[in-house]
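Residue numbers (the numbering used here): 5 to 391.
We put the beta carbon where it would ideally sit given N, CA and C, even for glycine.
These figures come from a predicted structure and were not determined experimentally.
Note sheet for the following structure.
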């Protein structure tokens, strides 16, 4: 069985400083009421009480977490960036500016994601929905290098958003070999989810902290498929991106470092996500392929570099491993993989030369479609690790 990791966080109880001005304000309002303006004070108090943002901020200050029950809907993006991935944190404070994503542009900021009251998994033998749980229309899209005009060869195409150069021909001619450990008791693969609350079409807003209904479940499926091939796996099932989205990559790096101290045999680190493609009009796109006659989601490897200014000396080795894995997959499943996305951010991939982000479908795909896709990916990865 895959080793499962879940960390518990202990918070100290601190009396919030905001109570002082609040008490002063309350005393002032009482004084104003005694002067004959009681009706105006009642109206002001009623307005404050119905202000969701104020109430949430007050409860957050008291409890130490944002206590909103509102579900998070992915931010809209223009049609010109439909192929963009890994929606990055924004509105960074000075302290948060050291976040490992080194993000300058963003679509999502701080949120606490809560599961709907009634959660129901998508059923594999039912037709995939034509609209999201929120009523947005869904359209299908298959992104391949050939149709998108991306540079590449031998079934390997790269969407280069890093501004850096690479030699694809040399990488394919001289593949980086990573071999599984002889015993499954010495784990070779570590699976985690920096944005674990990412979910699929059956969840309102495409977010859920229920691990049976988000990408953590896809990590379970991936871990099981690899273990059946005799490859040892450690799977971190922690919801890393709640309550703070902006610091999720920093927390993920802490988890990676701790796990590698405990399990130095780890060679491949898979940060499993799901993508999001939403137009300004609200239409959501699902990426689709086929595995052995079954409809499934498309996958994509997101590879980091040092272009953002953070240390990542071996990014070309990571890219080498990803490109040769992509070539192997394309030979068996020509449309399963979207082009490799090469980015300026490093995404914690400096940890090992076998590190990558794996995007499994989009928020408009079903859980079943992502399961089929990730099982096929696991087979090809296992083949690569057994050579």
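Taken in chain order, the complete alpha helix (DSSP H) segments of 4 or more residues contained in the region 181 to 243 are 219 to 232. In this structure, residue 182 keeps its C-beta atom at 8 Å or more from the C-beta atom of residue 306. By the Cβ test, the region 261 to 276 is not in contact with the region 341 to 348, since fewer than three Cβ pairs between them sit closer than 8 Å. The Cβ atoms of residue 220 and residue 241 sit closer than 8 Å to each other. Annotated as distal: residue 355 and residue 243, with beta-carbon spacing of 8 Å or more. Assignment of alpha helix (DSSP H) within the region 281 to 358, counting only whole runs of 4 or more residues, yields 319 to 336 in chain order. DSSP places residue 271 outside any beta strand (DSSP E), giving it a letter other than H or E. With fewer than 16 other Cβ atoms inside 10 Å of its own Cβ, residue 298 counts as exposed. Residue 174 sits in a helix when the DSSP states are folded into three classes. Annotation: residue 251 is outside any alpha helix (DSSP H) and is labelled neither H nor E by DSSP. For residue 156, DSSP records a beta bridge to 161. At a Cβ-Cβ threshold of 8 Å, residue 288 and residue 132 do not count as neighbours. Taking 8 Å as the cut-off, the beta carbon of residue 329 is found no closer than this to the beta carbon of residue 293. Bounds of the beta strand (DSSP E) holding residue 145 are 142 to 145. In this structure, the beta-carbon distance from residue 134 to residue 142 falls below 8 Å. Looking at the backbone, the Cα of residue 376 and that of residue 223 are separated by about 12 Å.
Remark: three or more beta-carbon pairs, one from each stretch, lie closer than 8 Å, so the region 354 to 370 and the region 312 to 328 are flagged as touching. Counting only the Cα atoms, residue 211 lies some 30 Å from residue 386. Note that the C-beta distance between residue 275 and residue 362 is below 8 Å. Taking C-alpha positions only, residue 168 is separated from residue 311 by approximately 7 Å. Within the model, the alpha-carbon separation for residue 304 versus residue 218 is close to 17 Å. Considering only 208, 352 and 164, the residue with the shortest C-alpha distance to residue 370 is 208. DSSP places residue 245 outside both helix and strand once states are collapsed to three, so it counts as coil. Its chain contains 226, 229 and 230 as the residues whose beta carbon lies nearer than 6 Å to that of residue 382, once the 5 sequence neighbours on both sides are disregarded; these appear in chain order. For the set 365, 351 and 331, the Cα lying nearest the Cα of residue 178 is the one of 331. Non-local C-beta neighbours of residue 327 in its own chain, meaning closer than 6 Å and more than five positions away in sequence, comprise 160 and 175, ordered along the chain. Shown here, residue 279 sits in a strand according to DSSP, grouped into three states.
The straight-line gap separating the alpha-carbon atoms of residue 149 and residue 162 is approximately 7 Å. Distances from the alpha-carbon of residue 390 to those of 236, 285, 257 and 144 put 236 closest. Within the same chain, 192, 235, 389 and 390 come within 7 Å of residue 184 by CB-CB distance, once the 5 residues on both sides are set aside.
For residue 386, the enclosing alpha helix (DSSP H) covers residues 371 to 390. Separation of residue 283 and residue 255 (C-alpha to C-alpha, rounded to the nearest whole angstrom) is 31 Å. Your pair residue 322 and residue 360 checks out as a contact, with CB atoms roughly 7 Å apart and the cut at 8 Å. Between the alpha carbons of residue 285 and residue 140 lies a distance of about 9 Å.
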